[in-house]
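So the sequence shown is numbered by this note's numbering: it starts at 65 and just counts up by one.
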Amino acid sequence: MVLWVEKYRPSSFKDIIGQKESVDKLSAMVSKKEIQHMILSGPPGVGKTTSAVVLAKSLFGENMWSQNFIELNASDDRKLSVIQGKVKEFARTKPIDAPFKIILFDEADSLTQEAQQALRRMMEEYSGTCRFVFSVNYQNNIIEPIQSRCAILRFHPLTREDVFTFIRRIAKEEELDVDEQSMDALYYVSKGDLRALTNLLQSLSSVSKKITADVVYTQSGILDAGRIKEGLKKAVSGDYAGARKVFLEIMDSGVNIKELLASVFEIIVSSDDIVDRKFRSYVIEKLAETDYRVIEGATPFIQFQSFLAFLSTVKG
Ligand SMILES: Nc1ncnc2c1ncn2[C@@H]1O[C@H](COP(=O)(O)OP(=O)(O)OP(=O)(O)O)[C@@H](O)[C@H]1O
Ligand SMILES: [Mg+2]
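Right, here's the structure in full:
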């Protein structure tokens, strides 16, 4: 089976979605053939490793790139001596048809301080033949002396538009039927992480070519915020029976009450259109009480209904 994360990994700058600022900087470096040491910083699955590989391919060409580029994964090669050995081995020989080679350190922010100090010395020792690229989720976990030697390129979670573009690309190729509602669901559950999104889409497609919002939420184990909002709005508008019906359905899909309460909490504090600010602390107090009673062993659904009944007495 071909993994879609590999099948749909962009192999040129033009295929990278979003990340315009970073992509522009990288392609400028390629055209000038001037590559700096770099930190690529940003959340998972947004194109950091992909961009580093595209950089190498564009700089060295399709046939030579793999000889002038290595990828070291910090979590696999935690032992400092292993890292040093690999860098030495790679940096020892001259680059082929290129001014220098590129070493990519994936997940570099999980390297110990000691390992980073050693790397910093290696950066200096091999700067004649190599450029170091660090891919990190948290730039602050990288020691200052390395940060100051690097150009910093920031990668961002992809926007809704970008995620839609990406889904359409896969859907067309794989002949999937994905409507706007399911694209929104995919965007919501993946939070802009295209790796997570691609894996989810591949596993859903093995069941059916038609992707629905419902199946996205059930498969990903994430609660459907839209449905929860709908239920809460009904309660606040005084429609207790309607709210009860929505939440019965949500709970029937096998939702864990603790997770449901946590989502209700998040939605109430983050949306202005559900509970008016002046009643909010009051509602949260009640939610906390429900949460407590459930842990203490009270029947979850009775407790949740009592919360809904309370909500339906509060003005929205
Ligand atoms: N900006 C993007 N444009 C197109 N595809 C992308 C983009 N970002 C990620 N992808 C897709 O997601 C997969 C994972 O991306 P990548 O390996 O670059 O993530 P990363 O940013 O390095 O994440 P991590 O921090 O977990 O290492 C790629 O194979 C590709 O299919
Ligand atoms: Mg990566």
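Cβ atoms here follow ideal geometry from the backbone N, Cα and C, with glycine treated the same way.
Remember, predicted model here, so these are calculated numbers, not experimental data.
Reference Leu144, options Asn132, Phe169 and Pro163, closest by Cα: Measuring from the Cα of Leu144, the nearest candidate turns out to be Phe169.
- Tell me which same chain residues have a C-beta within less than 8 Å of the C-beta of Val87, skipping the five on either side of it? Phe77, Ile80 and Ser115
Exercise. Considering Ser263, what are the terminal residues of the alpha helix (DSSP H) in which it resides?
Worked result: It should be noted that the sequence gives Asn, not Ser, for residue 263. Residues Leu258 to Ser269.
inquiry  = For ligand 2, is there any heavy atom lying closer than 7 Å to the beta carbon of Thr262?
reply    = no
Who pairs with Lys350 in a beta bridge, going by DSSP?
-> As computed with DSSP, Lys350 is found in no beta bridge at all.
Note to self: Taking a contact to mean a Cβ-Cβ separation below 8 Å, would you say Ile103 touches Ile207 in this structure?
What the structure shows: no
Original post:
Comparing the CB of Thr223 with every heavy atom of ligand 1, is any distance shorter than 7 Å?
Top reply: no
Limits of the beta strand (DSSP E) - the one that Ala102 falls within: Before going on, a small fix: residue 102 reads as Met here, not Ala. Residues Met102 to Ser105.
Check your understanding: Distance, Cα to Cα, Thr113 vs Gly106?
Key -> 11 Å
Per DSSP, Ile275 is paired with what?
Val242
inquiry  = Taking 7 Å as the cut-off, is the C-beta of Gly256 nearer than that to any heavy atom in ligand 1?
reply    = No, since every heavy atom of ligand 1 falls outside the 7 Å radius drawn around the Cβ of Gly256.
- Query: Using a threshold of 7 Å, is the CB atom of Arg259 nearer than that to any non-hydrogen atom of ligand 1?
  - Reply: yes
**Message:** If the criterion is Cβ atoms closer than 8 Å, does the pair Ser75 and Lys150 meet it?
**Reply:** no
- Quick one: what's got a C-beta closer than 7 Å to Gly306's C-beta in the same chain, skipping five residues either side? Lys298
If we ignore side chains and look at the alpha-carbon of each, how far apart do Tyr356 and Val328 end up?
For Tyr356 and Val328, the distance between alpha carbons rounds to 15 Å.
Quiz item: With which residues is Asn137 paired in a DSSP beta bridge?
Solution: Bridge partners of Asn137: Asp170.
Please determine whether the Cβ atom of Asn137 lies at a distance below 7 Å from any heavy atom of ligand 1. Not a single heavy atom of ligand 1 lies less than 7 Å from the C-beta of Asn137.
Margin query: My output table needs one value for Ser199: the three-state DSSP class, helix, strand or coil.
Written below: Three-state DSSP puts Ser199 in a strand.
Q) Who's in the neighbourhood of ligand 2, going by beta-carbon under 6 Å from any heavy atom, listed in chain order? A) Lys112, Thr113, Asp170 and Ser199
Can you grab the Cα-Cα spacing for the pair Lys158 / Glu70, in whole Å? Distance between the alpha carbons of Lys158 and Glu70: 30 Å.
Q: Give the range of the beta strand (DSSP E) segment to which Ile216 is assigned.
A: Ala215 to Arg218
Please say whether Val279 and Leu250 have beta carbons closer to each other than 8 Å? no
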